[in-house]
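In this text, residue positions in the sequence shown follow our numbering: the first is 24, and each later residue adds one.
Here a beta-carbon is modelled for each residue, glycine too, at the ideal position from N, C-alpha and C.
What follows is a short report on a single structure.
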Amino acid sequence: KKLQDKLNGMFGGGGSGSGGGSGSADISGSFIVLVLGIIAIIWGAMGIYQVDEKDRAVVLRFGKYMDTLGPGLHWNPPLVDNKFIVNITEERQYPSRGLMLTKDENIVELPLTVQYNIADPKAFVLNVKNPELSLQQASDSALRHVVGSSRLDDVVSVGREQIGVDVQVRLQEYLDSYGTGIQVVKINIQEAKPPTEVKEAYDDVIK
């Protein structure tokens with residue numbers, strides 16, 4: 024009713040006898056209401072967003088976890104809620120290569136690739152500051168532990184597949200204990216070989 028009275032005053036439909044000062048005040052008040060209405064509409068429109076089928080939206084309200092939203096059209100109040108879109112279906116890869124010592128005290132160069140995805144978006148966003156850096160460090164640690172418990176012949180030949188399985192189990196234990204929300208899909212152990220500096224000597228031993 025107040026807004027209607029202001030608009031009536033703006034277009035000459037208000038009461039009489041109020042004087043020019045009152046009409047000017049009505050116009051000014053109507054303009055402020057109009058501006059506030061436009062700002063409110065823009066603010067509301069900024070909170071509308073779409074979550075794809077492959078994604079999940081982790082929503083924080085004033086920095087505190089509120090909800091994890093699935094696919095569809097959603098609205099959250101801008102400047103009040105923060106949202107983090109996480110792809111949960113994409114299979115990501117992390118390649119690693121390093122020199123390490125085997126159980127029988129031989130140095131071996133072992134490259135591998137970790138295939139993983141995001142199983143828990145909330146944990147991935149909130150629990151660890153940099154979950155993918157934690158994955159890299161945990162991968163190196165798990166690989167060194169398993170290789171350090173294996174003999175060189177197993178690492179470079181028939182035992183390579185079992186090493187991949189053991190690394191995956193240990194790596195997943197590390198990631199779960201950190202609460203990263205990362206699920207390891209597969210560990211691909213590539214061809215292991217001695218360091219370049221001693222390859223000729225190693226080949227001589229094989230011969």
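Practice problem: Compute the distance between the beta-carbons of V10 and L175, then report whether it is under 8 angstroms. | Solution: Past the edges of the chain, shown from 24 to 230, lies residue 10, and the structure says nothing about it.
Quiz item: What's the C-alpha gap between I71 and K24?
Solution: As a working note, residue 71 is residue 48 in the sequence shown. As a working note, residue 24 is residue 1 in the sequence shown. One C-alpha to the other measures close to 30 angstroms.
Quiz item: Excluding the five sequence neighbours on either side, which residues of its own chain have a C-beta within less than 6 angstroms of the C-beta of G187, listed in chain order?
Solution: Walking along the sequence shown from the start, residue 187 turns up at place 164. Close CB contacts of G187 within its chain, under the 6 angstroms cut and outside five residues either way in sequence, are with I210 and I212 (chain order).
Quiz item: Secondary structure at S180, three-state DSSP: helix, strand or coil?
Solution: If you number the sequence shown from 1, residue 180 lands on position 157. Assignment of S180 by DSSP, reduced to helix, strand and coil, places it in the coil class.
Exercise. Classify G204 as buried or exposed, calling it buried when 16 or more other Cβ atoms lie within 10 Å of its own Cβ.
Key: Within the sequence shown, numbered from 1, the residue matching residue 204 stands at position 181. Buried is the call here.
Exercise. Report the residue from R84, I65, V169 and Q73 whose alpha carbon sits nearest the alpha carbon of D127.
Key: As a working mapping, residue 127 is identified with position 104 in the sequence shown. Taking only the C-alpha atoms, the option nearest D127 is V169.
Quiz item: Which residues in the same chain as A215 place their Cβ atom closer than 6 angstroms to its Cβ, once the five residues preceding and following it in sequence are excluded?
Solution: On the sequence shown, position 192 is the one that residue 215 refers to. These residues qualify, in order along the chain: V131, L133, V178 and V179.
Self-check item: Coil, strand or helix - I64 by DSSP
Solution: In the sequence shown, the residue the question calls residue 64 occupies position 41. In this structure, I64 counts as helix in the three-state DSSP scheme.
Quiz item: Can you name the residues that DSSP bridges to A80?
Solution: Reading the sequence shown from its first residue, position 57 is the one you call residue 80. According to DSSP, which records beta bridges pairwise, A80 is partnered with L92 and I108.
Practice problem: Determine the direct distance from the alpha carbon of N153 to that of L92, and round the result to whole angstroms. | Solution: Here residue 92 refers to the residue found at position 69 of the sequence shown. Here residue 153 refers to the residue found at position 130 of the sequence shown. Going by the C-alpha atoms only, they are around 22 angstroms apart.
Quiz item: Taking C-alpha atoms, which residue in D199, L122, A165 and L135 lies nearest to D143?
Solution: Locating residue 143 in the sequence shown gives position 120, where the first residue counts as 1. Comparing Cα positions, the closest option is D199.
Quiz prompt | Proximity to L96 [Cα-Cα], best of Q159, V151, S162 and A80 | solution = Numbered from 1 along the sequence shown, position 73 holds the residue referred to as residue 96. Nearest of Q159, V151, S162 and A80 to L96, Cα basis: A80.
Self-check item: Option in E113, I65, D90 and N110 with minimal Cα separation from D104
Solution: Residue 104 sits at position 81 when you count from the first residue of the sequence shown. The shortest Cα separation from D104 among E113, I65, D90 and N110 belongs to D90.
Self-check item: Reduced DSSP category for Y225 - H, G, I as helix; E, B as strand; rest coil
Solution: Taking the first residue of the sequence shown as position 1, residue 225 is located at position 202. Taken through DSSP and simplified to helix, strand or coil, Y225 comes out as helix.
Practice problem: State the Cα-Cα distance for the pair A68 and V208, rounded to the nearest angstrom. | Solution: Start at 1 with the first residue of the sequence shown, and residue 68 comes out as number 45. Start at 1 with the first residue of the sequence shown, and residue 208 comes out as number 185. Going from the Cα of A68 to the Cα of V208 covers about 39 angstroms.
Self-check item: For D78 and V109, the rounded distance between their alpha carbons
Solution: Taking the first residue of the sequence shown as 1, we reach residue 109 at position 86. Taking the first residue of the sequence shown as 1, we reach residue 78 at position 55. Roughly 5 angstroms separates the two Cα atoms.
Quiz item: Would DSSP call L166 helix, strand or coil?
Solution: Sequence index remark: in the sequence shown, residue 166 carries index 143 (1-based). Note: L166 maps to helix in three-state DSSP.
Self-check item: For P144, the first and last residue of its enclosing alpha helix (DSSP H)
Solution: Translated into the one-based positions of the sequence shown, residue 144 becomes position 121. Looking at the DSSP string, the run of the alpha helix (DSSP H) that includes P144 is P144 to L149.
Exercise. Out of T125, T112 and Y197, point me to the one whose CA is closest to I141's CA.
Key: Within the sequence shown, residue 141 is the residue found at index 118, counting from 1. Per the Cα distances, T112.
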